[in-house]
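First to last, the protein sequences are chains A and B. So the first sequence is numbered by our numbering: it starts at 7 and just counts up by one. So the second sequence is numbered by our numbering: it starts at 7 and just counts up by one. The C-beta atom is built at its ideal place from N, Cα and C for all residues, glycine as well. From a predicted model like this one, the values you see are computed outputs, not experimental measurements. Worksheet: the structure to be examined is printed underneath.
Protein chains: 2
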Amino acid sequence: MSVRRTDQRAAIRRAVSAAQRPLSVQEIFEAAQAEVPGLGLATVYRNLKRLTEEGFLRTVQVPGEAGRYELAGLCHHHHFLCDVCGRMFDIPSCMGGLERMVPAGFLLRRHEVLLYGRCDGCAAQPEGACVGASGLLGSES
Amino acid sequence: MSVRRTDQRAAIRRAVSAAQRPLSVQEIFEAAQAEVPGLGLATVYRNLKRLTEEGFLRTVQVPGEAGRYELAGLCHHHHFLCDVCGRMFDIPSCMGGLERMVPAGFLLRRHEVLLYGRCDGCAAQPEGACVGASGLLGSES
DNA sequence: CGCAGCGTGATAGTCCATTCTCATCTAGCC
DNA sequence: GGCTAGATGAGAATGGACTATCACGCTGCG
C-alpha cells in the first residue's frame, strides 16, 4: 500500500499550510500537537522530511539556527526575521540587479536576502512586552 | 599582566587577515597549523572567541552551517558562497531600496544578502575537477 | 635567571538538532 | 472483523560544533 493518511501527517501539513510564513520545527510541533494531542516530535521530523522529499515543503535555512519549513512552490520571495519574537515572515518583493554585484568570472546561481528587525506586532509593543519566541503560530498581520 | 603574545594567536590573526574572505574554523585551523605545527583546535576556538570579543574579528553566520570569521571593521558588504569549493568570498557592493521591501509596520534594522554559485576558479574548471572544500586558503583572485 | 600566571594541547564533556530503535498501533484492503 | 505493512511515540543514540578541564609550557616582569 504505502503512504497512508494519518491525522498526524494531516495536522502537520495543515500547520505549515495555514501559517503564511516559514515555521520552525517547534512551531510546527506545537501547532500540530494542538490538533493531535500526544503527537511525538519524531513524527514531526519524519513527516517534515518526507513532505520535503515529496516536494510539498521546502526548508528555509537560517544563519546560526535550525532550518524552518514553508510550502514549496511559492514564487520567488525572501524573508524577514523578527529580532524580538523570532518569527520569520515572507517578503514578496525582490530587488534585481544582483548579477551586477558578482565579480567577473563568478557564476551566480541563486541568492538569499534576509531582513532583520521587528515585525509589526513587536515594533508596536512597549519594548520588552512582546510575545515570546516560537511559542505560537502567526496570529497577526 | 594579561594578554600575552603567542605564536599561536599571531598565526590565527594572520590567517584571517591574509585571506580576503571569511574563513571557516577549519580553514583557519589548517592555515594557522601550517605556521605553528601542533596547534590545537581548542586554541583556535579560544582565540577566535577572544579576538571576536576584542573586536578584531566578526563572525559571519551561514545558513545551515557553522559560522565563519572575517576581520571586523570592514565596511558594509555581502558574500558569495561557492557551491563547489565551499569557499566564501566578499562582495563589496550592495543594492539599496531594501526598505521598500518591508511591509508596513515592520522595522528594518539590518540585512544579509548571500549569493550562491561558482567562484571564478570553479566556474572555469571542467565540472568535477575543482579543489575540494575548505581544505585550503584563498589562493586565487 | 626566577617566578607567577596566562596560554596551550589533548581529550572529555556539553549542548542541540535530528535520527534511530522498537514495541505498539492503525489505515486500508480482504 | 481480521490481517499486514506502514505509522507512531518515547526515549535512546548519533553527529557536529563548541567548551571545559587540567597538567605542562612559555611569556613577560623583576
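query, result
"9 Å Cβ cutoff met for R15/A and D96/A", "no"
"Contacts that R97/B makes with chain A (C-beta to C-beta distance below 8 Å)", "Residue identity differs from the one stated: residue 97/B is Ile in this sequence, not Arg. Result: M107, V108, P109."
"Unbroken stretches of the alpha helix (DSSP H), 4 residues or longer, contained in the region 7-69 of chain B", "13-24, 31-41, 47-59"
"Bounding residues of the beta strand (DSSP E) (the contiguous stretch that carries C128/A)", "Taken as a continuous stretch (DSSP letters only), C128/A belongs to no beta strand (DSSP E), being part of the alpha helix (DSSP H) at 126-130."
"Beta-bridge partners of M101/B, as assigned by DSSP", "In DSSP, M101/B forms no bridge with anything."
"Residue-chain proximity (C91/A, chain B), Cβ-Cβ < 9 Å", "no"
"Closer than 8 Å: R20/A CB and nearest the ligand PLP heavy atom", "This structure simply doesn't include the ligand PLP, nor any ligand for that matter."
"Status (buried if at least 16 other CB within 10 Å, exposed otherwise) for L80/B", "exposed"
"C88/A - partner residues in DSSP beta bridges", "G123/A"
"G73/A, enclosing beta strand (DSSP E) - first and last residue", "71-77"
"Rounded C-alpha distance that separates A129/B from T65/A", "27 Å"
"Any C-beta of chain B under 9 Å from that of Y75/A", "no"
"Contact check, E33/B vs R74/B, beta carbons under 9 Å", "yes"
"Contact set between the region 115-126 of chain B and chain A, restricted to residues whose Cβ is under 9 Å from the partner", "R115, R116, H117, E118, V119, L120, L121, Y122, G123, R124, C125, D126"
"C-beta neighbour in chain B for G138/A, strict 9 Å", "In this predicted model, G138/A has a pLDDT of only 48, less than 50, meaning its place in the structure is not dependable; the value taken from the coordinates is given anyway. No, because no Cβ of chain B sits closer than 9 Å to the Cβ of G138/A."
"The region 116-131 of chain B touching the region 83-94 of chain B, judged by at least three CB pairs closer than 8 Å", "yes"
"DSSP-derived helix/strand/coil call for D96/A", "strand"
"Buried versus exposed call for V68/B [16 or more other C-beta atoms within 10 Å across all chains shown]", "buried"
"Minimum C-alpha distance to L57/B - residue among L77/B, E41/B, A48/B, P43/B", "L77/B"
"Beta carbon proximity, V68/A to chain B, threshold 9 Å", "yes"
"is_contact[M94/B, chain A] using C-beta, thresh 9 Å", "no"
"F62/A beta carbon less than 9 Å from that of L47/A", "no"
"Residue closest to Y51/B, alpha-carbon to alpha-carbon, out of E41/B, A25/B, F112/B, R19/B", "R19/B"
"Nearest-angstrom Cβ-Cβ length linking A17/B and V42/B, presumed shorter than 8 Å", "5 Å"
"Cut-off 8 Å between Cβ atoms - residues of its own chain near S23/B, not counting five sequence neighbours on either side", "L77"
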